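Right, one structure below, let's go through it.
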Amino acid sequence: MTGEISYPDATQLAVPFFIAAILGEFLWIALKKRGGRYETRDAVTSLIMGAGSVAEGLLLGFVAWTLFMFLWQLTPLDMGTSVWALLACFVLDDLRYYWVHRFGHRVRWVWASHVNHHSSQHYNLTTALRQTWTGTFTFMMVVKAPMVLLGFHPALVLFCGGLNLIYQFWIHTEAVSRLPRWFEAVMNTPSHHRAHHGRNPRYLDCNYAGVFIIWDKMFGTFVPEQDHDRPDYGLVHNIATFNPLRVAFHEWIGIFKDMAQPGLTLKQRLLYAFAPPGYSHDGSRDTSAGIKAAHLARHPEDAGTPGFGG
Amino acid sequence: MPLELLLALVAGGISGIAVLLHLTGRSRQRILGAGNARSAWLRHFPEDSVFKVLPAASGQAALVLTNGGPGLLWTFGADTVGRHLAAEQVHETATGLRFDFNDFAAPGLSLRLPERERQQWLALINTPAEAV
Chain Y
0 MTGEISYPDA
10 TQLAVPFFIA
20 AILGEFLWIA
30 LKKRGGRYET
40 RDAVTSLIMG
50 AGSVAEGLLL
60 GFVAWTLFMF
70 LWQLTPLDMG
80 TSVWALLACF
90 VLDDLRYYWV
100 HRFGHRVRWV
110 WASHVNHHSS
120 QHYNLTTALR
130 QTWTGTFTFM
140 MVVKAPMVLL
150 GFHPALVLFC
160 GGLNLIYQFW
170 IHTEAVSRLP
180 RWFEAVMNTP
190 SHHRAHHGRN
200 PRYLDCNYAG
210 VFIIWDKMFG
220 TFVPEQDHDR
230 PDYGLVHNIA
240 TFNPLRVAFH
250 EWIGIFKDMA
260 QPGLTLKQRL
270 LYAFAPPGYS
280 HDGSRDTSAG
290 IKAAHLARHP
300 EDAGTPGFGG
Chain G
0 MPLELLLALV
10 AGGISGIAVL
20 LHLTGRSRQR
30 ILGAGNARSA
40 WLRHFPEDSV
50 FKVLPAASGQ
60 AALVLTNGGP
70 GLLWTFGADT
80 VGRHLAAEQV
90 HETATGLRFD
100 FNDFAAPGLS
110 LRLPERERQQ
120 WLALINTPAE
130 AV
């Protein structure tokens with residue numbers, strides 16, 4: 000197909016809103032003395048990661064764009080630019096997001112890019128902006144390819160991706176407890192996403208949704224936030240740096256150091272790159288499955304509860 | 000959005016938020032004592048059994064002796080981070096101890112420790128876990 004279509008860069012246009020919302024959340028926490036925590040260096044690191052992520056998009060966005068425009072030339076389909084096309088594209092893109100996000104937690108190569116988003120021990124609106132600088136290198140843009148081949152223009156696909164990220168901004172807060180039941184049932188909410196950011200064994204590898212939580216319910220990865228087991232934010236092995244370069248690249252360095260160990264088979268080297276995070280050839284580390292099993296060994300009473308097979 | 004405006008918004012936004020947080024006391028370091036250091040360690044390493052916790056007089060760090068060997072817990076902004084220690088990762092300096100973790104996500108740490116505290120920590124770090 001051919002045709003010139005353009006949409007605004009929604010993420011860039013939202014920057015003033017992001018800043019205003021962060022100030023609003025901070026003031027609310029400061030006045031109410033509840034609803035979250037802020038720490039200067041943590042917040043600044045998150046904001047610099049966000050700025051760097053926008054810069055990476057400006058510098059390397061052409062890679063995905065070139066691929067999508069190539070596919071757009073191939074496809075005989077054209078869904079157009081109607082409101083219905085936009086809605087269909089938005090929903091499909093959210094399904095796409097669910098799977099890319101799930102790969103981001105289950106494939107170390109993709110986790111290396113996504114890990115920085117989980118690297119803060121805080122959970123506030125700045126955490127939402129702690130975004131990757133290395134997304135292009137995961138090649139996860141290929142998951143958008145079927146949408147272009149289905150006839151959604153690349154500009155529309157990218158526009159919907161931007162709207163998806165903007166939706167996810169406001170759910171990174173402890174200031175909102177729970178929303179009406181019908182909303183919690185269908186939409187991703189602060190409560191569902193707090194669970195996703197929890198490093199507690201219960202919450203590892205759950206709630207991958209972007210906008211609609213129904214994907215997690217459909218694919219068996221939904222775990223509701225538990226009042227008796229509040230999410231503890233951060234990584235299983237927390238990083239000890241506020242340096243944005245170290246935050247952005249630490250897992251990539253870890254992959255290459257692991258792959259370069261002497262005496263490994265080719266399969267073991269590849270597993271260090273593509274197996275779930277926590278894989279080790281000698282069993283010296285734990286994957287999320289191992290962490291959950293170890294927790295159940297210490298707390299058998301949790302078996303069958305949400306996050307532990309319940 | 001013009002790139003100049005985007006840059007101004009981003010730079011101004013980050014700077015403004017940083018100044019606001021600092022001026023409202025959000026840059027304060029956490030202080031570690033024996034009780035909160037123990038619970039912080041178990042938060043990082045829930046499978047460990049903690050035998051002994053020695054907070055540094057400065058409150059910036061604590062030596063934690065566990066069934067898996069010694070570990071170092073230190074303040075990280077309002078929070079903490081911890082790493083298990085091997086003797087070869089610890090070096091004595093003129094003013095305290097230097098820890099090198101060979102970990103890109105945990106660059107080395109230099110701690111100021113008075114002579115007595117430094118020698119006590121070194122002795123415990125070099126003591127096998129089963130002898131603690």
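Line order of the protein sequences matches chains Y and G.
For the first sequence, numbering that gives the first Met the number 0 begins at 0 and goes up steadily by one.
For the second sequence, numbering that gives the first Met the number 0 begins at 0 and goes up steadily by one.
In this text, a Cβ means the ideal position worked out from N, Cα and C, and glycines have one as well.
Given the structure is predicted, the values throughout are model-derived calculations rather than measurements.
Query: Quick one: what's got a C-beta closer than 6 Å to T1 (chain Y)'s C-beta in the same chain, skipping five residues either side?; Result: Bear in mind that a pLDDT of 49 at T1 (chain Y), under 50, signals an unreliable position, so the number given afterwards is only what the model happens to contain. None.
Query: With 16 as the cutoff for other CB atoms within 10 Å, does A50 (chain Y) come out buried or exposed?; Result: buried
Query: If contacts are defined as beta-carbon pairs under 8 Å, then L155 (chain Y) and C88 (chain Y) qualify, I think. What distance do you get, rounded to the angstrom?; Result: 5 Å
Query: List the residues that DSSP assigns as beta-bridge partners of Q225 (chain Y).; Result: Y:D228
Query: Pick helix, strand or coil for M68 (chain Y), following the three-state DSSP scheme.; Result: helix
Query: Measuring only the C-alpha atoms, how far is P15 (chain Y) from T94 (chain G)?; Result: 47 Å
Query: Please say whether P230 (chain Y) and H196 (chain Y) have beta carbons closer to each other than 8 Å?; Result: yes
Query: Classify A60 (chain G) as helix, strand or coil using the three-state DSSP reduction.; Result: strand
Query: Do G67 (chain G) and D99 (chain G) have their CB atoms nearer than 8 Å?; Result: no
Query: In chain G, what lies closer than 7 Å to Y202 (chain Y) by C-beta?; Result: In chain order: nothing, as chain G lies at least about 14 Å away.
Query: When DSSP labels each residue in this structure, what does W73 (chain G) get in the three-state scheme?; Result: strand
Query: Report buried or exposed for E114 (chain G), applying the criterion of at least 16 other Cβ atoms within 10 angstroms of its Cβ.; Result: exposed
Query: Between D257 (chain Y) and the rest of its own chain, which residues show a CB-CB distance below 6 Å, the 5 nearest in sequence each way excluded?; Result: Y271
Query: Using 8 Å as the threshold, is the C-beta distance between P276 (chain Y) and R129 (chain Y) below it?; Result: no
Query: Measuring alpha carbon to alpha carbon, tell me which of G:A85, G:W73 and G:P1 ends up nearest Q59 (chain G).; Result: G:W73
Query: If distances are taken between C-alpha atoms only, which option among Y:A274, Y:I170, Y:A293 and Y:A239 comes closest to G35 (chain Y)?; Result: Y:I170
Query: May I have the straight-line CA-CA distance separating L12 (chain Y) from N101 (chain G), to the nearest angstrom?; Result: 41 Å
Query: For V80 (chain G), count the other beta carbons within 10 Å of its own beta carbon; 16 or more makes it buried, fewer makes it exposed. Which is it?; Result: buried
Query: Count the other C-beta atoms from every protein chain shown that fall within 10 angstroms of the C-beta of A36 (chain G), then say buried if there are 16 or more, exposed otherwise.; Result: buried
Query: Buried or exposed: G309 (chain Y), going by 16 or more other Cβ atoms within 10 Å of its Cβ?; Result: exposed
Query: Under 7 Å Cβ-Cβ, which residues of chain G neighbour N237 (chain Y)?; Result: H43 and V80
Query: Scan the region 252 to 268 of chain Y for residues whose Cβ lies nearer than 9 Å to a Cβ of chain G and list them as they occur along the chain.; Result: I252, G253 and K256
Query: DSSP on G81 (chain G), reduced to helix/strand/coil?; Result: strand
Query: Bridge partners of R97 (chain G), per DSSP?; Result: G:H90 and G:S109
Query: Would you verify that the beta carbon of T1 (chain Y) is, or is not, closer than 8 Å to some beta carbon of chain G?; Result: In this predicted model, T1 (chain Y) has a pLDDT of only 49, less than 50, meaning its place in the structure is not dependable enough to derive any value.
Query: Looking at C-beta atoms only, is the number of pairs between the region 10 to 19 of chain G and the region 15 to 25 of chain Y that lie closer than 8 Å three or more?; Result: yes
Query: Just curious, the beta strand (DSSP E) that V52 (chain G) is in, first and last residue?; Result: V49 to P54
Query: Please list, in chain order, the residues of the region 26 to 40 of chain Y that have any C-beta partner in chain G closer than 8 Å.; Result: A29, R36, Y37, E38, T39 and R40
Query: Could you tell me the distance, in whole angstroms, from the CA atom of A77 (chain G) to the CA atom of V62 (chain Y)?; Result: 39 Å
Query: In chain order, what residues of the region 33 to 66 of chain G put their CB closer than 8 Å to some CB of chain Y?; Result: R42, H43, P45 and E46
Query: Using the DSSP secondary-structure output, state which residues sit across from F211 (chain Y) in a beta bridge.; Result: Y:M186
Query: When the distance is taken between beta carbons, is A105 (chain G) closer than 8 Å to I238 (chain Y)?; Result: yes
Query: What's the C-alpha gap between L124 (chain Y) and L162 (chain Y)?; Result: 17 Å
Query: Given a cut-off of 8 Å on the beta-carbon distance, is the pair I394 (chain Y) and A174 (chain Y) in contact?; Result: The structure shown does not extend to residue 394 (chain Y), since chain Y spans only 0 to 309, so no value can be given for it.
Query: Could you check the C-alpha separation between F103 (chain G) and G103 (chain Y) for me, to the nearest Å?; Result: 21 Å
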